[in-house]
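Below is one structure, written out as structure tokens; comments come after it.
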Amino acid sequence: MRLYRTKQGFYAEFQEEYYQLSCPDWDTLINRDDLHSYVLTQIAGLAPVLDFESKDLLPPAVSQEVWASGVTYYRSKVARMEESKGACGGTFYDKVYEAERPELFFKALGYKVVGSGGTVNIRPDSIRNVPEPEWTLYATTSGKIVGYTVGNDMSSKCIECENPLYMSQAKIYDGSAALGPCLYVPAEPMTQNAVISIEVRRSESIVFQGITTLDQLKRTPDELIGWLYRSSTFRTGAFLMTGTGLVPSSDFTVEVGDTVAISIDKIGQLTNVVGLAKA
Numbered sequence: 004m005r006l007y008r009t010k011q012g013f014y015a016e017f018q019e020e021y022y023q024l025s026c027p028d029w030d031t032l033i034n035r036d037d038l039h040s041y042v043l044t045q046i047a048g049l050a051p052v053l054d055f056e057s058k059d060l061l062p063p064a065v066s067q068e069v070w071a072s073g074v075t076y077y078r079s080k081v082a083r084m085e086e087s088k089g090a091c092g093g094t095f096y097d098k099v100y101e102a103e104r105p106e107l108f109f110k111a112l113g114y115k116v117v118g119s120g121g122t123v124n125i126r127p128d129s130i131r132n133v134p135e136p137e138w139t140l141y142a143t144t145s146g147k148i149v150g151y152t153v154g155n156d157m158s159s160k161c162i163e164c165e166n167p168l169y170m171s172q173a174k175i176y177d178g179s180a181a182l183g184p185c186l187y188v189p190a191e192p193m194t195q196n197a198v199i200s201i202e203v204r205r206s207e208s209i210v211f212q213g214i215t216t217l218d219q220l221k222r223t224p225d226e227l228i229g230w231l232y233r234s235s236t237f238r239t240g241a242f243l244m245t246g247t248g249l250v251p252s253s254d255f256t257v258e259v260g261d262t263v264a265i266s267i268d269k270i271g272q273l274t275n276v277v278g279l280a281k282a
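Positions in the sequence shown are counted from 1; adding 3 to them yields the numbering used here.
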């Protein structure tokens, strides 16, 4: 089952049919430990809609906080160690990869999240910028994972590499977080054998592409959510990006006008155009 938030209302996709939901509030709709079974009861007896493709998609976050995980893939650990050598921060990433406590950091408030079809940004004071494709978890107020989406953790690499203490500025700015195209709500927890891929197009050319599987993720979803919810309360639940295993080479940067497409099996494709944030 997939849930979509659109400008025309909320929709559920089930068995290749689309149904409009009557719930007036997205936060209340998704913040349920029994979300899958609840939506099934809501669409029972409803006639499917035939014009869903004409709807304007919005991100699946409204008032939720969006957090992110770092150094959860071996490829990410190696890349960040190499990038931070000049700032003497390489050992930080090696240690956190092996540590019990994961790296978690705040990424965005729900109202600042970009949906599929929207524009993600690069900072004008950064000369190297990359998209980071990430399997993203949604957990309710109780900490139960009930849904999944595709995430793009846009990152200003040259700022982060200059000094690890600059990471917040490298990660948090207007248009730095995208989620979508839907909230995937399976009856059982999603398995980690799914494929995640990214393709960056510039004009008609593919300038970067990569593919991996979610089973390369070192930490489990429950482990990451468990750490996020320690000593923290989330009134409408929270989204957590789980890190990336697809890291471009150090000479790559996205440019304004590029199109970034990130796909995850069963969830769908998140597509965004790259723009420029205000100075």
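Every residue gets a Cβ at the ideal spot worked out from N, C-alpha and C, and that includes glycine.
The model shown is predicted, which means the values in this text are computed figures rather than measured ones.
- In the three-state reduction of the DSSP assignment, T31 falls in the helix class.
- Between A173 and S159 a beta carbon distance of about 4 Å is seen, short of the 8 Å cut, so the two are scored as contacting.
- About 13 Å separates the beta carbon of V257 from that of V250, a gap too long to meet the 8 Å contact definition.
- Within the same chain, and ignoring the five residues on either side of A282 in sequence, the residues whose Cβ sits closer than 6 Å to its Cβ are P127.
- Apart from the 5 residues on each side of it in sequence, S66 sits with its Cβ closer than 6 Å to the Cβ of D30, G113, T239 in its chain, given in chain order.
- By the Cβ test, the segment 123-140 is in contact with the segment 240-249, since at least three Cβ pairs between them sit closer than 8 Å.
- Residue environment: E19 is assigned as exposed (fewer than 16 neighbouring CB atoms within 10 Å of its CB, all protein chains considered).
- With respect to the C-alpha of N166, the residue from Y96, H39, T9 having the closest C-alpha is Y96.
- Assignment of Y141 by DSSP, reduced to helix, strand and coil, places it in the strand class.
- Here P184 is near S119, since their CB atoms are less than 8 Å apart.
- A direct Cα-to-Cα measurement between A64 and L182 gives close to 8 Å.
- Straight-line measurement puts the Cα of D225 at about 21 Å from the Cα of E135.
- Apart from the 5 residues on each side of it in sequence, H39 sits with its Cβ closer than 8 Å to the Cβ of M4, V149, V188, P189, A190 in its chain, given in chain order.
- Between N275 and V117, the C-beta spacing is below 8 Å.
- The Cβ-Cβ distance between V74 and K110 does not fall below 8 Å.
- Under the DSSP assignment, C185 falls outside any alpha helix (DSSP H), being part of the beta strand (DSSP E) whose first and last residues are 180-187.
- Of the candidates G260, E101, E163, G260 places its Cα closest to the Cα of R205.
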